[in-house]
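Take any residue in the sequence shown, note its place counting from 1, add 3, and you have its number in the numbering used here.
For every residue, glycine included, the Cβ atom is placed at its ideal position computed from N, Cα and C.
Predicted model only: the values in this text are computed from it and were never measured.
The structure under discussion appears below in the form of structure tokens.
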Amino acid sequence: MLIRLRRLVAPRSVLDAGAGTGALARKMTSFAERIDAIEPSAAMIAEGRRLPGGSDPRIRWIEGRAEGGELDPPYGLVVCGESLHWMDLAVVLPRFREALAPGAYLAVVGNANVHGPYRQEVWAVTDRYAAVAKHPETADAIAGVLASGLFTIEGEERTEPMPFEQSLDEYIEFLHSTSVLTRAQLGNRAGALDAEVRAVFARHGIDRLRYEVVGSVTWAAPK
Numbered sequence: 004m005l006i007r008l009r010r011l012v013a014p015r016s017v018l019d020a021g022a023g024t025g026a027l028a029r030k031m032t033s034f035a036e037r038i039d040a041i042e043p044s045a046a047m048i049a050e051g052r053r054l055p056g057g058s059d060p061r062i063r064w065i066e067g068r069a070e071g072g073e074l075d076p077p078y079g080l081v082v083c084g085e086s087l088h089w090m091d092l093a094v095v096l097p098r099f100r101e102a103l104a105p106g107a108y109l110a111v112v113g114n115a116n117v118h119g120p121y122r123q124e125v126w127a128v129t130d131r132y133a134a135v136a137k138h139p140e141t142a143d144a145i146a147g148v149l150a151s152g153l154f155t156i157e158g159e160e161r162t163e164p165m166p167f168e169q170s171l172d173e174y175i176e177f178l179h180s181t182s183v184l185t186r187a188q189l190g191n192r193a194g195a196l197d198a199e200v201r202a203v204f205a206r207h208g209i210d211r212l213r214y215e216v217v218g219s220v221t222w223a224a225p226k
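Next up, the structure:
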């Protein structure tokens with residue numbers, strides 16, 4: 004995926020929208036001169052700064068949502084890694100198009116996670132707490148990009164399955180980084196959500212998530 008992103012970016016300034024702990028931002032320093040990593044969760048940003056590459060001066064961490072956080076365009080590439088489907092497309096897509104340099108792309112990076120039987124149970128929990136009725140996926144976001152009429156889908160690449168693992172704390176913080184499950188939205192229900200998600204994994208005897216991931220990059224050009 005990084006090879007494709009390297010080929011797409013020009014000039015070498017990148018917006019990583021919904022950056023999480025910077026899984027993409029920390030790797031894109033290999034080819035980008037400047038990366039704005041915007042992320043609504045302060046805990047995710049703190050973790051990202053701590054992880055290898057997170058203190059690189061080329062990364063500017065921005066606490067905020069892509070819908071309204073501080074940006075510094077133009078960008079030679081806007082990247083959304085497993086995040087666009089949690090955003091308000093009616094707000095962010097026009098914003099991304101405006102922020103792109105001439106000839107630059109919007110890239111949607113997705114992960115088709117090959118999870119165990121717990122996946123539907125976790126989603127059943129999060130759906131009860133979320134601000135939306137349906138658990139969105141990357142495919143929904145790509146369909147939304149196409150339907151917006153603001154972008155043209157120009158290509159897609161996929162990887163072979165790759166092993167991945169994360170702690171339960173990291174997974175729960177990922178959930179809270181999504182626009183429909185932020186701690187601010189949930190208020191005093193945030194702890195209850197965390198407890199229910201942990202209970203799902205406990206029933207399956209899981210103390211650390213290990214699964215396979217099929218990565219994808221779909222890139223789109225502004226109309």
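query, result
"Helix, strand or coil at residue 151 [DSSP, three-state]", "helix"
"Opposing strand residues paired with residue 108 [DSSP bridges]", "80"
"Sub-8 Å separation of residue 65 and residue 41 beta-carbons", "yes"
"Residues that DSSP places opposite residue 222 in a beta bridge", "110, 158"
"Touching by the beta-carbon criterion (3+ pairs, under 8 Å), the segment 64-82 and the segment 109-127", "yes"
"CB contact flag (residue 148, residue 223, <8 Å)", "yes"
"Endpoints, the beta strand (DSSP E) within which residue 164 is located", "No beta strand (DSSP E) holds residue 164; DSSP gives it neither H nor E."
"Burial state of residue 181, where buried means 16 or more other Cβ atoms lie within 10 Å", "buried"
"Residue ranges of each alpha helix (DSSP H) within the segment 173-200, 4 or longer", "186-189"
"Beta carbon of residue 144 nearer than 8 Å to that of residue 87", "yes"
"Bounding residues of the beta strand (DSSP E) (the contiguous stretch that carries residue 64)", "62-66"
"Terminal residues of the beta strand (DSSP E) in which residue 37 lies", "37-42"
"Buried or exposed (CB count within 10 angstroms, at least 16 for buried), residue 191", "exposed"
"Residues sharing a beta bridge with residue 86, DSSP", "Residue 86 is not bridged to any residue."
"Cβ shell of residue 91 (< 6 Å), same chain only, five flanking positions each side left out", "70"
"Inter-residue spacing [alpha-carbon to alpha-carbon] between residue 115 and residue 97", "26 Å"
"Residue interval of the alpha helix (DSSP H) (run including residue 22)", "Counting along the chain, residue 22 falls outside any alpha helix (DSSP H), and DSSP gives it neither H nor E."
"Assigned secondary structure, residue 17 (DSSP; H/G/I helix, E/B strand, else coil)", "strand"
"Classification of residue 21 by the beta-carbon crowding that lies within 10 angstroms, buried from 16 upward", "buried"
"Contact set for residue 46: own chain, Cβ-Cβ below 7 Å, skip 5 residues either direction", "176"
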